[in-house]
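Trainee:
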Amino acid sequence: MSAFFLYSSERRSDLLGKGNNLLEASKIIGEEWKNMTDEQKKPYEEIAKERKEKYQQEMEVYKQKKEEEAANLKKEEDEVMRIQKVEALQLLKKKEKTDNIIKKTKEMKKKKTKEDKVVDPNKPKSLHLLSFCSERKNMLKERPETNTSTINALISLKWKEMKEEEKKMWNAKAAENMEAYKKEMEEYNKKTAAVEQGSKSEC
Numbered sequence: 021m022s023a024f025f026l027y028s029s030e031r032r033s034d035l036l037g038k039g040n041n042l043l044e045a046s047k048i049i050g051e052e053w054k055n056m057t058d059e060q061k062k063p064y065e066e067i068a069k070e071r072k073e074k075y076q077q078e079m080e081v082y083k084q085k086k087e088e089e090a091a092n093l094k095k096e097e098d099e100v101m102r103i104q105k106v107e108a109l110q111l112l113k114k115k116e117k118t119d120n121i122i123k124k125t126k127e128m129k130k131k132k133t134k135e136d137k138v139v140d141p142n143k144p145k146s147l148h149l150l151s152f153c154s155e156r157k158n159m160l161k162e163r164p165e166t167n168t169s170t171i172n173a174l175i176s177l178k179w180k181e182m183k184e185e186e187k188k189m190w191n192a193k194a195a196e197n198m199e200a201y202k203k204e205m206e207e208y209n210k211k212t213a214a215v216e217q218g219s220k221s222e223c
């Protein structure tokens, strides 16, 4: 507020109390201020000056605070953008990795010919198949439209990304089945050799 407005605020209530209306009070205040000496105006001017300086100081503090808030907000937004970019890049790499595995699996499947050896259904399952049998069943339920090659590729990817603790658990299960697997393979190989020997004898 200027010095005049300070004086005006001080005098207005007194003049209105004496029966003057707002317009009349404003005219009287204007005339009084015009006729006042510099000495009479000085106290109001000093108060106005002090208030102005205080206002400017408060504005500086306010502006600085706003600038700091804006800088912090910008910093937070930049950090969020950085994290989003990193996450997006990781997802992209993971997708590319999965796509490459699926692509390689499909290429390997195409290279197979009709003369490929038919897998004997009596042959004992490998430890890897035994270990992931339940995992394959779950994936087949979740993705019934996905072919076996793709399921195998996804299981392989899952194994690579699995934590060491989980791998140890599966390896422990595999170790438990190792002896039984070896015995089954020995018996299978003996039977296969006997069948082949019998075929040669007939020839």
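Quick note on my numbering: the sequence shown kicks off at 21 and runs consecutively.
We treat Cβ as the ideally placed atom computed from N, Cα and C, and that holds for glycine.
Given the structure is predicted, the values throughout are model-derived calculations rather than measurements.
1. Closest to residue 170 by CA distance: which of 199, 211, 78, 126 is it?
2. Where do the N-terminal and C-terminal ends of the alpha helix (DSSP H) with residue 125 fall, by residue?
3. Quick check: residue 68 and residue 28, are their CB atoms within less than 8 Å of each other?
4. Does the beta-carbon of residue 82 have 16 or more other beta-carbons within 10 angstroms, so that it is buried, or is it exposed?
5. Determine the DSSP secondary structure at residue 211, reduced to helix, strand or coil.
6. Can you tell me whether DSSP reads residue 31 as helix, strand or coil?
7. Among the candidates 36, 57, 189, whose CA atom is the shortest distance from the CA of residue 48?
8. Does the count of Cβ pairs from the region 171-185 and the region 111-121 closer than 8 Å reach three?
9. According to DSSP, simplified to helix, strand and coil, what is residue 166?
10. Please state whether the Cβ-Cβ distance between residue 65 and residue 31 is less than 8 Å.
11. According to DSSP, simplified to helix, strand and coil, what is residue 39?
Mentor: Walking through what the data contain:
1. 126
2. 58-131
3. no
4. exposed
5. helix
6. helix
7. 36
8. yes
9. coil
10. no
11. coil
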